[in-house]
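Counted the way the numbering used here counts, the sequence shown spans residues 152 to 210. The block underneath contains the structure these notes are about, expressed in structure tokens.
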Amino acid sequence: AGAHAARHPAAWLARLTALPPDSTKSVAAGIKVAGGAVILLLGGTLLHAALQAPAHPIL
């Protein structure tokens, strides 16, 4: 079965993407958490840069 899957990447990919719903949900939740962390980090960095900038408005 392994050699057969190696010869047919599409079948292997289909098996890989056919995850149980709960694992798909946990992956989606993980992506949301990671995305939120990135947004918070970027927002904090931008806010810090704005506070460190000279007094003239950026916009």
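Every residue gets a Cβ at the ideal spot worked out from N, C-alpha and C, and that includes glycine.
TODO: Would you give the residue range spanned by the alpha helix (DSSP H) that H159 belongs to?
DONE: In the sequence shown, the residue the question calls residue 159 occupies position 8. Taken as a continuous stretch (DSSP letters only), H159 belongs to no alpha helix (DSSP H), as it is neither H nor E.
Task: For R166 and A201, the rounded distance between their alpha carbons - done: In the sequence shown, residue 201 corresponds to position 50, counting from 1. In the sequence shown, residue 166 corresponds to position 15, counting from 1. About 48 Å.
Open item on the list: With a threshold of 6 Å on Cβ separation, who are the neighbours of I182 within its own chain once the five nearest residues in sequence on each side are excluded?
Closed with: Position 31 of the sequence shown, counting from 1, holds the residue named residue 182. Closer than 6 Å at Cβ, skipping near neighbours: no residue.
Task: V189 to H199 span [Cα, whole Å] - done: On the sequence shown, position 38 is the one that residue 189 refers to. On the sequence shown, position 48 is the one that residue 199 refers to. Between V189 and H199, the C-alpha separation is close to 15 Å.
- [ ] For the alpha helix (DSSP H) holding P205, just list the boundary residues, first then last.
- [x] Taking the first residue of the sequence shown as 1, we reach residue 205 at position 54. Looking at the DSSP string, P205 is not in any alpha helix (DSSP H), and its letter there is neither H nor E.
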